[in-house]
Amino acid sequence: MLAGDESPTALGLCRIALVGIFTLSLLSHLGAVGEYFSSEAALAGDFARQAFKSRLSLFFYVEDPGAVRAIFGLGVVAHLLWLVGLYTRPAALVAFIVWTSMVGRNPLLYAMPDNLHTCLMLWLALMPAGRGLSLDARWRGKGGPVPIWCRRIVQLQVAVVYTATGLLKTGVTWKDEGSAIYYSLVNPYNRHFDVSHTLAQLQPFVLRPMTWLVLVWEVAFAGFVAVLWLREATGRRWFPDLRWPFLGFGVLMHLSIWAMMYVVWFTPLVLGAYVAFLRPAEVERLLARWSARPAPSR
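Just so we're aligned: 276 in my numbering is position 263 of the sequence shown, and the numbers increase by one with no gaps anywhere.
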């Protein structure tokens, strides 16, 4: 399940998907870098170091607004190099240092979903993700097989997020009333639209069973990943391939949450991690279809 090598295409596509999300999320800070992370911030200097004394950040030591913006700019360049796979290892290291410095300097900007961002960034930075679908492979001869465990780590991270979240949902609104989704959607802090009356009508017949279905799906995700690993390790077809029903449900769930609630980058981040569930042969078929598409006529 963990040993051996495989084609780098699946891991390369996973890198492109996740680093693309990392880059867009980073660029969303443009225009407020100084106000967030430098001496221009409302909480700066010794006050910031005392408030966030358990954190690590370059910006506790480099506080000049111009220097902070220069480091941020270096982080943007590193993300772009990581995205296209050019000098992938050093680019990933620089990108990770800049991101963790931002989170450490002003953790009040970030929430629990950003922990997944940090975890996925660290795992991907430690992997040889530049061996496939990269300029390193094309220009610098750095291509070649990658260990199977690389994709497995991303799959495991997703399973840990879902299963741990499901096990923590022990309140009355989840297990007894089945009203957790309803209350989340009508909460003015979360919602995009005020459709409380319609949601109240849907609650008994749609939202309540959906609440229980989401809870079961999250807890069962660890079992799904275990069955997937056994199927791919043993080649036994009597371990069913459950990727499409499990991941398809996840796609619909996350897109629905994104449409109705303020979750910003969490939905794209999770859906980007789903790419790790594609096998190299499947990615290669997708790329072959894409390259075989006729050019648009002028």
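C-beta atoms are modelled at their ideal positions from N, C-alpha and C, and glycine is treated no differently.
Legend entry - For alanine 54, the nearest candidate out of Ile34, Leu122, Asp207 (CA to CA): For the purposes of this step, residue 54 is taken as residue 41 along the sequence shown, with counting starting at 1. Alanine 54 has its Cα closest to that of Leu122, out of Ile34, Leu122, Asp207.
Inset, instruction - Would you please state the rounded distance, in angstroms, between the beta carbons of leucine 87 and valine 111? I believe it to be under 8 Å. - result: Numbered from 1 along the sequence shown, position 74 holds the residue referred to as residue 87. Numbered from 1 along the sequence shown, position 98 holds the residue referred to as residue 111. Yes, leucine 87 and valine 111 are in contact; Cβ-Cβ is about 7 Å, under 8 Å.
Inset, instruction - Would you kindly work out how many angstroms separate the C-alpha atoms of leucine 198 and valine 277, rounded to a whole number? - result: Locating residue 198 in the sequence shown gives position 185, counting from the first residue. Locating residue 277 in the sequence shown gives position 264, counting from the first residue. If you take the alpha carbons of leucine 198 and valine 277, they lie about 15 Å apart.
Legend entry - Bridge partner(s) assigned by DSSP for arginine 204: Sequence index remark: in the sequence shown, residue 204 carries index 191 (1-based). Paired residues: Met274.
Legend entry - Neighbour-count burial assignment, leucine 181, 16 or more Cβ in a 10 Å radius: As a first step, residue 181 is located in the sequence shown; it is residue number 168 there, counting from the start. That one is exposed.
Inset, instruction - On a CA-only basis, which of Ser269, Leu260, Leu146 is nearest leucine 300? Give me that one, please. - result: Stepping through the sequence shown from its first residue, residue 300 is reached at position 287. It is Leu146 whose Cα lies nearest to the Cα of leucine 300.
Inset, instruction - Go through the stretch 237-300 residue by residue and report every complete run of the alpha helix (DSSP H) that reaches 4 residues or more, in order. - result: 256-273, 279-286
Legend entry - CB of glycine 143 within 8 Å of CB of leucine 96, strictly: By 1-based counting over the sequence shown, the position of residue 143 is 130. By 1-based counting over the sequence shown, the position of residue 96 is 83. Cβ atoms of glycine 143 and leucine 96: not closer than 8 Å.
Legend entry - Contact under 8 Å by Cβ, valine 1 with leucine 169: Any question about residue 1 goes unanswered here, given that the chain covers just 14 to 311.
Inset, instruction - Check whether the Cβ atoms of alanine 172 and valine 238 sit closer than 8 Å, and answer yes or no. - result: Mapped onto the sequence shown, residue 172 falls at position 159. Mapped onto the sequence shown, residue 238 falls at position 225. Against a cut-off of 8 Å, the Cβ pair of valine 238 and alanine 172 comes out as a contact.
Legend entry - Euclidean distance between Cα positions of asparagine 203 and methionine 273: Here the question's residue 203 lines up with position 190 in the sequence shown. Here the question's residue 273 lines up with position 260 in the sequence shown. Taking the straight line joining both Cα atoms gives about 8 Å.
Legend entry - Sufficient close CB pairs (3 or more, under 8 Å) joining the stretch 69-78 to the stretch 117-134: yes
Legend entry - Run of the alpha helix (DSSP H) containing tyrosine 175, from where it starts to where it stops: Here the question's residue 175 lines up with position 162 in the sequence shown. Per DSSP, tyrosine 175 belongs to the alpha helix (DSSP H) from 162-181.
Inset, instruction - Using alpha carbons as the reference points, say which of Val167, Asn128, Ile166, Tyr100 lies closest to tryptophan 152. - result: Here residue 152 refers to the residue found at position 139 when the sequence shown is read from its first residue. Comparing Cα-Cα distances from tryptophan 152 to each of Val167, Asn128, Ile166, Tyr100, the minimum goes to Tyr100.
Legend entry - Endpoints, the alpha helix (DSSP H) within which proline 78 is located: Against the sequence shown, residue 78 aligns to sequence position 65. Note, proline 78: alpha helix (DSSP H), 78-97.
Legend entry - Same chain, Cβ closer than 8 Å to valine 81, five either side skipped, listed in chain order: Working through the sequence shown from its first residue, we reach residue 81 at position 68. Same-chain partners within the cutoff: Val46, Gly47, Phe50, Ser51, Phe72, Val75.
Legend entry - Beta-carbon proximity of leucine 31 to alanine 286, cut-off 8 Å: Here residue 31 corresponds to residue number 18 of the sequence shown, with the count starting at 1. Here residue 286 corresponds to residue number 273 of the sequence shown, with the count starting at 1. A contact, by the Cβ cut-off of 8 Å.
Legend entry - Sequence-distant residues of the same chain with beta carbon closer than 7 Å to aspartate 254, five excluded per side: On the sequence shown, position 241 is the one that residue 254 refers to. Answer for aspartate 254: Arg244, listed in chain order.
Legend entry - Close-in-space but distant-in-sequence residues of the same chain around lysine 155 (CB under 7 Å, 5 per side omitted): Here residue 155 is taken as the residue at index 142 of the sequence shown, counted from 1. Here the set comprises Gly143, Arg144, Asp149.
Legend entry - N-terminal and C-terminal residue of the alpha helix (DSSP H) that glutamine 216 is part of: Your numbering for residue 216 matches position 203 in the sequence shown. Note, glutamine 216: premise wrong, no alpha helix (DSSP H); not H, not E.
Inset, instruction - Go through its chain and collect everything with a Cβ distance to leucine 93's Cβ below 7 Å, but skip five positions before and after it. - result: Your numbering for residue 93 matches position 80 in the sequence shown. Contacts found: Thr36.
Legend entry - Burial state of valine 288 (16 or more Cβ within 10 Å): Taking the first residue of the sequence shown as 1, we reach residue 288 at position 275. By the neighbour-count rule (16 or more Cβ atoms within 10 Å), valine 288 is buried.
Legend entry - Segment limits, alpha helix (DSSP H) that includes methionine 115: In the sequence shown, counting from the first residue as 1, residue 115 sits at position 102. That run of the alpha helix (DSSP H) goes 101-118.
Legend entry - Candidates Ile194, Arg250, Ser209, Leu215, of which the one nearest leucine 226 by Cα: On the sequence shown, residue 226 is found 213 positions in, with the first residue counted as 1. The shortest Cα separation from leucine 226 among Ile194, Arg250, Ser209, Leu215 belongs to Ile194.
Inset, instruction - Would you tell me roughly how many angstroms separate the C-alpha atoms of tyrosine 275 and threonine 211, rounded to the nearest one? - result: Within the sequence shown, the letter at position 262 stands for residue 275. Within the sequence shown, the letter at position 198 stands for residue 211. Each residue's alpha carbon lies about 19 Å from the other.
Inset, instruction - Within the same chain, show all residues whose beta-carbon is closer than 8 Å to that of threonine 280, passing over the 5 residues directly before and after it, in chain order. - result: To locate residue 280, count along the sequence shown from 1; it is residue 267. His267, Leu268, Ile270, Trp271, listed in sequence order.
Legend entry - CB of leucine 26 within 8 Å of CB of leucine 291, strictly: Sequence index remark: in the sequence shown, residue 26 carries index 13 (1-based). Sequence index remark: in the sequence shown, residue 291 carries index 278 (1-based). Their beta carbons are under 8 Å apart, which means leucine 26 touches leucine 291 by this criterion.
Legend entry - Exposure label - leucine 137; buried when at least 16 CB within 10 Å: Your numbering for residue 137 matches position 124 in the sequence shown. The residue is buried, with at least 16 neighbouring Cβ atoms inside 10 Å.
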